[in-house]
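J.: Residue numbering for the sequence shown follows my numbering, starting at 340 and increasing by one per position.
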Amino acid sequence: MKVYISADMEGVSGVVAWESTERGKDDYERMRRLMTQEVNAAIEGALEAGATYVVVNDSHGGMRNLVLEDLKPEARVISGDRKPLSMMEGISPDFDAVFFVGYHSQACSLGVLNHTYTTRVVQYSVNGKAVGETGMNALIAGFFGVPVALVTGDAAVVAEAKALLGDVETVAVKEARSQYSALCLHPVKARELIKEAAAKALRNLPAYRPLRPESPSTVRLSFSASGHADAASIMPGAVRVDPVTVEFTAQDYITAYRGARTMMHLTFA
Ligand code: ZN
Numbered sequence: 340m341k342v343y344i345s346a347d348m349e350g351v352s353g354v355v356a357w358e359s360t361e362r363g364k365d366d367y368e369r370m371r372r373l374m375t376q377e378v379n380a381a382i383e384g385a386l387e388a389g390a391t392y393v394v395v396n397d398s399h400g401g402m403r404n405l406v407l408e409d410l411k412p413e414a415r416v417i418s419g420d421r422k423p424l425s426m427m428e429g430i431s432p433d434f435d436a437v438f439f440v441g442y443h444s445q446a447c448s449l450g451v452l453n454h455t456y457t458t459r460v461v462q463y464s465v466n467g468k469a470v471g472e473t474g475m476n477a478l479i480a481g482f483f484g485v486p487v488a489l490v491t492g493d494a495a496v497v498a499e500a501k502a503l504l505g506d507v508e509t510v511a512v513k514e515a516r517s518q519y520s521a522l523c524l525h526p527v528k529a530r531e532l533i534k535e536a537a538a539k540a541l542r543n544l545p546a547y548r549p550l551r552p553e554s555p556s557t558v559r560l561s562f563s564a565s566g567h568a569d570a571a572s573i574m575p576g577a578v579r580v581d582p583v584t585v586e587f588t589a590q591d592y593i594t595a596y597r598g599a600r601t602m603m604h605l606t607f608a
């Protein structure tokens, strides 16, 4: 049984500030260790339930956050940035289950450190449905026929995942008090729950269905400023919908998603 783990940071228990998630700043060195241990808990649960091959994709920021020497030796890790499928790089039809660990809720929701891919994006929607990174990436897994079996993060991302995916195992490790504060489980308790849920997710695997994207696929991006939409609309095929919104349509979701990624990158150019 092969398990793919996409690991983000904003949904790890104890993480409540952007500064804690940025290399070289504040509590980053501590928070990356908390992240690594939550991922380890998911790996342990997966192994306990019979996983024979586990790949972890470091999916936050520069994507070099996991402390490799502290990671469970049974797992392989994808480390580093500039990956065509970004938070889902390495996913393929060979995998039986996807876990999202340390995830956060979509931009403009009531979740800790909520955002969608960049803080410049106010809304990301696919064929008219607004989704966060959970949906953005579950659709990639679904394109390859792989179901999301576990989502961990704050209570807001858990609610978002359940609404989107229906049957899915979840762990809420914290509850937002604001975008930048939370009632957190102790890290040790969070790990216990994640390990348990990971094992349960694999035992229940037949209950979970891949989130298959529709074809053709239109991704629409609304930005926080018209200047970002100006930059995004440089991409061939991009359609300006209104001063802050652009969209891109492709035959399949992977191409539409890559178009959306390109438009987001253009805002930083
Ligand atoms: Zn992140």
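Virtual Cβ for every residue (Gly too), placed ideally from N, Cα, C.
So what does Q462 bridge to, in DSSP terms?
T.: In the DSSP output, where bridge partners are listed per residue, Q462 has S561.
J.: Is Q590 buried or exposed, if buried means 16 or more other CB atoms sit within 10 Å of its CB?
T.: With fewer than 16 Cβ atoms within 10 Å of its Cβ, Q590 is classed as exposed.
J.: Run through the stretch 456-523 for me and flag every whole beta strand (DSSP E) of 3 or more residues, listed as ranges in chain order.
T.: List check, beta strand (DSSP E) in window: 460-465, 468-470, 487-493, 508-517 and 520-523.
J.: Output yes or no for whether 8 angstroms exceeds the beta carbon distance between A540 and A488.
T.: Yes, Cβ-Cβ distance for A540 and A488 is below 8 angstroms.
J.: Kindly confirm or deny that the stretch 412-421 and the stretch 350-361 touch, where touching means at least three C-beta pairs closer than 8 angstroms.
T.: They do not touch, by the three-pair rule.
J.: Give a single yes or no on whether M370 has its beta carbon closer than 7 angstroms to a heavy atom of the ligand ZN.
T.: Every heavy atom of the ligand ZN is 7 angstroms or more from the Cβ of M370, so no.
J.: Below 7 angstroms, is the gap between the Cβ of T458 and the nearest heavy atom of the ligand ZN?
T.: Not under cutoff, so the answer is no.
J.: Helix, strand or coil for D409? Go by DSSP, reduced to three states.
T.: Correct three-state label for D409: helix.
J.: Please classify T455 as buried or exposed, where buried requires at least 16 other C-beta atoms within 10 Å of its C-beta.
T.: Under this definition T455 is a buried residue.
J.: With distance defined between alpha-carbon atoms, name the residue in V583, M340, S572 and T584 nearest to D435.
T.: Looking at the Cα atoms, M340 is the closest of the given residues.
J.: For a test of the three-state rule: what should DSSP assign to K422, helix, strand or coil?
T.: K422 falls in the coil class under three-state DSSP.
J.: Would a C-beta distance cut-off of 8 angstroms place T557 and N466 closer than the cut-off?
T.: Yes, these two residues count as a Cβ contact at 8 angstroms.
J.: Taking F483 and S554 to be in contact with their CB atoms under 8 angstroms, please state how far apart those CB atoms are, rounded to whole angstroms.
T.: Their Cβ separation, rounded to whole angstroms, is 14 angstroms, which puts F483 and S554 out of contact at 8 angstroms.
J.: Which partner residues of S345 appear in the DSSP bridge assignment?
T.: Per DSSP, N396 and F439.
J.: What three-state label does DSSP hand E535 in the structure shown?
T.: Reduced to three states, the DSSP call for E535 is helix.
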